[in-house]
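Before any comments, here is the structure.
Residue numbers (the numbering used here): 99 to 189.
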């Protein structure tokens, strides 16, 4: 997968739901630019995923939903990897 890549998440995408029982997470770096100016950046952020994979397009939608970013514009994902729960430091 070639990163960084920029996505324009679908506002009608399925909402993200955290699942503390998930066996895998996606660990990522990203930047969300807002339609009214400014941005937010995430470094080594973790989100639960169903199964053991997620597309970068879906990850962009999950980021916007998980953070409740109502004025989100483009999302640029600069790094992402799937980790098993417990194989990373999150405490």
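All C-beta atoms in this analysis are idealised placements derived from N, C-alpha and C, irrespective of residue type, glycine included. In this text, all values refer to a predicted model and were calculated from it rather than measured experimentally.
Relative to the alpha-carbon of residue 113, which residue among 177, 100, 160 has its alpha-carbon at the smallest distance?
Nearest option by C-alpha distance: 160.
Roughly how many angstroms separate the alpha carbons of residue 133 and residue 103, rounded to a whole number?
Going from the Cα of residue 133 to the Cα of residue 103 covers about 18 Å.
DSSP state of residue 172, grouped into three classes?
Residue 172: strand per DSSP, three-state reduction.
By Cβ distance below 6 Å, which residues in the same chain neighbour residue 129 in space, the five residues on each side in sequence not counted?
Counting only Cβ-Cβ distances below 6 Å, and skipping sequence neighbours, we find 137, 139, 174.
Can you give me the Cβ contacts of residue 121 inside the same chain, cut-off strictly under 7 Å, excluding the 5 residues immediately before and after it?
Around residue 121: 182, 183.
Name the two residues that bound the continuous alpha helix (DSSP H) containing residue 164.
Run containing residue 164: 154-164, per the alpha helix (DSSP H) assignment.
Straight-line CA distance for residue 158 to residue 131?
Their Cα atoms are separated by approximately 12 Å.
Could you have a look at residue 178 and say whether DSSP puts it in helix, strand or coil?
Reduced to three states, the DSSP call for residue 178 is strand.
Using only the alpha-carbon positions, how far apart do residue 111 and residue 185 sit?
Rounded to whole angstroms, residue 111 to residue 185 spans 29 Å at the Cα level.
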